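In my numbering, the protein residues as written are -3 to 247.
Note that beta-carbon positions come from the ideal geometry of N, C-alpha and C, so glycine has one too.
Model, not experiment: these values are computed from the prediction.
Report on one structure; see the data block that follows.
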């Protein structure tokens, strides 16, 4: 006997982190709208350094074909700050609309996503600013082809195999973007069985470069390394070139 579980859900979560302090979220979702396998969700997040609202809509076909596609609309207001002194380097307010399609072929999953971003960087400290365009509004319109190659023996509990992914973001003036740049990100994960345990390894790398009349990659698109989500053992965003501010502190 099979009984379908309720398709609607309400989720609430709270947490605490050194950087974002008290944080929480609430999300309302439904996995089977009108009995057609369409998925939709609305999520709100807030912490000491971030406010974000996310709307997602997803369906398993596109133009009569079995192509998973997803539309999302995201608004956020965030702060980039010094994790020790909590001095704010800059703030970013973004409104992002995106639409993407993907297709699964056994171990391969190619996808293509179009994204339009209205970004405002404000309260930018002079030390964090490279070109004058780092402060103020910039429109970024981009296409992002991606490919995932999944060689794991089990998606939910892998004991052996590997997972590879590559994403290329191309922001182009032909798409009405005010900045022209490319951003490439690759990552890999490996799973090795050792007796009754599994050794899991992971690596990520990325590169971004401007072209045409764009002097620098936009401030919010640059890579920052250090902290719990990249290189543990270093404070948040502490790895990389540093400068001395007006008070003689290293930033």
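Where do the N-terminal and C-terminal ends of the beta strand (DSSP E) with residue i fall, by residue?
| i | result |
| --- | --- |
| residue 121 | Per DSSP, residue 121 belongs to no beta strand (DSSP E) and is neither H nor E. |
| residue 56 | Looking at the DSSP string, residue 56 is not in any beta strand (DSSP E), and its letter there is neither H nor E. |
| residue 6 | 4 to 13 |
| residue 90 | 84 to 98 |
| residue 103 | No beta strand (DSSP E) holds residue 103; DSSP gives it neither H nor E. |
| residue 26 | 17 to 29 |
| residue 34 | 34 to 42 |
| residue 235 | Where residue 235 is concerned, there is no enclosing beta strand (DSSP E), given that its DSSP letter is neither H nor E. |
| residue 184 | 177 to 190 |
Note down, in chain order, each residue of its chain lying with its Cβ closer than 6 Å to the Cβ of residue i, except the 5 sequence neighbours on either side.
| i | result |
| --- | --- |
| residue 156 | 149, 187, 189 |
| residue 199 | 184 |
| residue 197 | 186 |
| residue 33 | 56 |
| residue 154 | 148, 187 |
| residue 73 | 47, 89 |
| residue 118 | 87 |
Which residues in the same chain as residue i place their Cβ atom closer than 7 Å to its Cβ, once the five residues preceding and following it in sequence are excluded?
| i | result |
| --- | --- |
| residue 58 | 65, 97 |
| residue 83 | 77 |
| residue 69 | 51, 93 |
Can you find the residues in the same chain that come closer than 8 Å, C-beta to C-beta, to residue i, ignoring five residues on each side of it along the sequence?
| i | result |
| --- | --- |
| residue 43 | 13, 16, 17, 18, 19, 20 |
| residue 264 | The structure shown has nothing for residue 264, since the chain only spans -3 to 247. |
| residue 233 | 76, 79, 220, 221, 222, 223 |
Looking at the structure shown, is residue i part of a helix, part of a strand, or coil, going by DSSP?
| i | result |
| --- | --- |
| residue 255 | The structure shown does not extend to residue 255, since the chain is modelled only from -3 through 247, so no value can be given for it. |
| residue 171 | helix |
| residue 206 | strand |
| residue 130 | helix |
| residue 64 | strand |
| residue 166 | strand |
| residue 113 | strand |
| residue 212 | coil |
| residue -1 | coil |
For residue i and residue j, which I take to be in contact (beta-carbon distance under 8 Å), what is that distance rounded to the nearest angstrom?
| i | j | result |
| --- | --- | --- |
| residue 104 | residue 145 | 6 Å |
| residue 164 | residue 173 | Not a contact, Cβ separation roughly 15 Å. |
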